[in-house]
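Asker: What follows is a single structure, and I will ask about it in a moment.
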Amino acid sequence: AQKVTQAQTEISVVEKEDVTLDCVYETRDTTYYLFWYKQPPSGELVFLIRRNSFDEQNEISGRYSWNFQKSTSSFNFTITASQVVDSAVYFCALSEAYGGATNKLIFGTGTLLAVQP
Amino acid sequence: DGGITQSPKYLFRKEGQNVTLSCEQNLNHDAMYWYRQDPGQGLRLIYYSQIVNDFQKGDIAEGYSVSREKKESFPLTVTSAQKNPTAFYLCASSHQGARETQYFGPGTRLLVL
């Protein structure tokens, strides 16, 4: 069965600290997609990144970076020099081809990140 | 601006009442989805639709119904059969295909009186 585990329920850091959010997934598929979403207090999920299972290159976007390692089935997310605006719940998700044409997202339970000023 | 809108932002349901949550998108996406989020949990799929006039049950469809008469619209009805409807409901849309990114609306919070 496909599953996404975010073992860190809550993380609290002080502004300017670096923080890594862990994501471990399980799947039998050889082709799959991994996503990170941010959910600020307003509630809307904001898309951050999508990676496919054939691309293990790390990605950097400003203060955000992602480390994808198939050997450990992990897709971790690092925020460098955290800011108060980074405070949110972050979800990792795995895409399953459900019904052949549409992706069904399997979500982790989320990590609440609190950045203190 | 292109996006997904959901209304109302807050909705109150009385015992035995059916209520309908609205979801509209102008992104020209074929696929639309409804998720339920409970406190401290991830999102769970209620229903999804790949094309107009077609929809399938997700993991927790019992007590819910949907329709897809227009490409832009995918309303969700929470029926009286749903015994624990209090939750945050999120609508999403995407192009068809397993690799496509789902984009989410702002959500509707449903509370039971």
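Sequence order for the protein chains is F and H.
Once you know that position 58 of the first sequence is 58 in the numbering used here, the rest is easy, because the numbers rise by one and skip nothing.
Once you know that position 7 of the second sequence is 7 in the numbering used here, the rest is easy, because the numbers rise by one and skip nothing.
All C-beta atoms, glycine included, are put in the ideal place defined by N, C-alpha and C.
Hey, how far is the Cα of residue 26 (chain H) from the Cα of residue 101 (chain H)?
Answerer: When rounded, the distance between both Cα atoms is 16 Å.
Asker: Residue 71 (chain H): which of H:106, H:108, H:92, H:85 sits nearest, CA to CA?
Answerer: Closest option to residue 71 (chain H), Cα to Cα, is H:92.
Asker: Need the endpoints of the beta strand (DSSP E) that residue 66 (chain H) sits in, please.
Answerer: Residues 64 to 66.
Asker: Sorry if obvious, but does the Cβ on residue 22 (chain F) come closer than 7 Å to a heavy atom of the ligand GDP?
Answerer: The ligand GDP is absent from the structure shown, which contains no ligand whatsoever.
Asker: Buried or exposed, going by whether 16 or more other CB atoms sit within 10 Å of the CB of residue 113 (chain H)?
Answerer: With fewer than 16 Cβ atoms within 10 Å of its Cβ, residue 113 (chain H) is classed as exposed.
Asker: Which of the three DSSP states is assigned to residue 9 (chain F) in this structure?
Answerer: It is coil, neither helix nor strand.
Asker: Would you mind working out which of F:48, F:29, F:110, F:81 sits nearest residue 54 (chain F), comparing C-alpha positions?
Answerer: Measuring from the Cα of residue 54 (chain F), the nearest candidate turns out to be F:29.
Asker: Give me, in chain order, the residues of the same chain whose beta-carbon lies closer than 6 Å to that of residue 59 (chain F); leave out the 5 immediate sequence neighbours on both sides.
Answerer: Cβ neighbours of residue 59 (chain F) beyond the five flanking positions: 66.
Asker: Give the secondary structure of residue 108 (chain H) by DSSP, where H, G and I count as helix, E and B as strand, and everything else as coil.
Answerer: Residue 108 (chain H): strand per DSSP, three-state reduction.
Asker: Here's the rule: buried if 16 or more other CB atoms are within 10 angstroms of the residue's CB, otherwise exposed. What is residue 111 (chain H)?
Answerer: Exposed: under 16 other Cβ atoms inside 10 Å.
Asker: CA-CA distance, residue 10 (chain F) and residue 96 (chain H)?
Answerer: Computed Cα separation, rounded: 34 Å.
Asker: Could you check where the beta strand (DSSP E) with residue 65 (chain F) kicks off and where it finishes?
Answerer: Its beta strand (DSSP E) spans residues 64 to 69.
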